[in-house]
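All residue numbers in the sequence shown are consecutive under our numbering, ending with 1304.
All C-beta atoms, glycine included, are put in the ideal place defined by N, C-alpha and C.
First the structure, in the form of structure tokens, and then the observations on it.
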Amino acid sequence: MKIIDLEERYLKEYFMCLETWSDEMKEAKDHKEKWYNKMKDKNLGVKLAVDDEGVVGGMIQYVPIEYSNAEGEDLYFINCIWVHGYEEGQGDYQKKGYGKALIQAAENDVKKRGAKGIVAWGLSLPFWMKASWFKKQGYIKVDKESVAVLLWKPFTDDAMPPKWIRQKMAPQSIPGKVLVTSFLNGWCPAQNLVNERAKRAANDLGDKVLFKEIDTFDRENFLNWGLLDALYIDDQFVRTGPPPSYEKIKKKITKRLKKLK
Ligand SMILES: CC(C)(COP(=O)(O)OP(=O)(O)OC[C@H]1O[C@@H](n2cnc3c(N)ncnc32)[C@H](O)[C@@H]1OP(=O)(O)O)[C@@H](O)C(=O)NCCC(=O)NCCS
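Given below as structure tokens:
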């Protein structure tokens, strides 16, 4: 296995979280590609872990913290590390040292770029991206909002700890309508998928349902709301990790529609 920088020939895998075998991923449309095209000249870092046959088993992606939902100075933020763990497609690559090699490569890279530290996020739950995995890699917890834990590894004595940027507003209901609001940054195919499902469900339910997409790549929009990726039906927050199905979203909107009558 070797760690390489993202190459042209692996772009498709990268845009689809290494899940080119998955029909679900195709639903996520091209938001990630558009995000990449905006970020590639803004110091985005991507490393891939490639096996001896040239198959990509893992990836890590990190950005200057100014493009994340945390605040800090001279820090990089790992918004995603993923070692392919499904039996489908290329198969399960987890627990073979890929994750460790990827995070070390990212740390070395951002040190070379002059960063004062690196930041990661994880969940205080025993599944998905576990905060405990980063702790094992030497990261220290600095902030927490609900189950989302912010961790960091400072490289210099004068590095300042980062913190989460917190939610400032929530969408409000509109009389006589059901309002579906999707906050979309583009960095995460799973969230892009939720956006597409919500848009489709809202459109399929007629003109009493309004769909509003808020582009949170636009920093001003993000800072106004304090929400990077989120789904609301009226003023109700919808949990989007793991992504709810189209049917589930449609059912939730229908429930609100019935309350209108
Ligand atoms: C967390 C993750 C990146 C780790 O990568 P990996 O290649 O499986 O881990 P490694 O083989 O490099 O293991 C590194 C260390 O973590 C430990 N480890 C690996 N998986 C673990 C697990 N599930 N629980 C606890 N420890 C674990 C290993 O034992 C190893 O310990 P060591 O440092 O003492 O040797 C990977 O499992 C993953 O992608 N998980 C899903 C994360 C996810 O949902 N990402 C999407 C985010 S949007």
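Hey, is residue i close to ligand 1, as in C-beta under 7 Å from one of its heavy atoms?
i: Y1129; result: no
i: Y1105; result: no
Figure out for me which residue from the options has the closest Cα to the Cα of residue i.
i: D1247; options: I1296, N1267, P1287 and N1235; result: I1296
i: K1179; options: F1198, G1142 and W1207; result: G1142
i: M1102; options: S1111, G1157, N1080 and Q1147; result: Q1147
i: E1131; options: G1100, Q1104 and A1071; result: G1100
i: C1060; options: L1236, K1220 and N1080; result: L1236
i: N1122; options: P1214, D1250 and W1230; result: W1230
i: F1120; options: V1126, H1127 and L1194; result: L1194
i: M1212; options: Y1053, Q1279 and M1082; result: Q1279
i: T1199; options: V1223, T1283 and G1157; result: G1157
i: I1276; options: G1284, A1233, A1241 and M1082; result: A1241
Output yes or no for whether 8 Å exceeds the beta carbon distance between residue i and residue j.
i: L1166; j: A1149; result: no
i: L1118; j: K1154; result: no
i: L1274; j: S1225; result: yes
i: L1300; j: G1219; result: no
i: L1271; j: N1112; result: yes
i: L1145; j: I1124; result: yes
i: E1239; j: K1072; result: yes
i: I1324; j: P1205; result: Missing from the structure shown is residue 1324; the chain here goes from 1044 to 1304 and no further.
i: S1173; j: Y1182; result: Checking the displayed sequence, the identity of residue 1173 turns out to be Lys instead of Ser. For K1173 and Y1182, no; Cβs fall outside 8 Å.
i: M1203; j: E1067; result: no
Three CB pairs or more closer than 8 Å across the segment 1045-1059 and the segment 1083-1091 = yes
Go through the residues and name those whose CB comes closer than 5 Å to any heavy atom of ligand 3, in chain order.
-> Ligand 3 is not among the ligands present in this structure, which contains only ligand 1.
With a floor of 3 residues, list each beta strand (DSSP E) that falls wholly inside the segment 1213-1259, ordered by position along the chain.
-> 1221-1227 and 1252-1258
Does the count of Cβ pairs from the segment 1285-1292 and the segment 1255-1266 closer than 8 Å reach three?
-> no
Give, in chain order, every unbroken run of the beta strand (DSSP E) that is at least 3 residues long and sits entirely within the segment 1142-1201.
-> 1160-1166, 1183-1188 and 1191-1197
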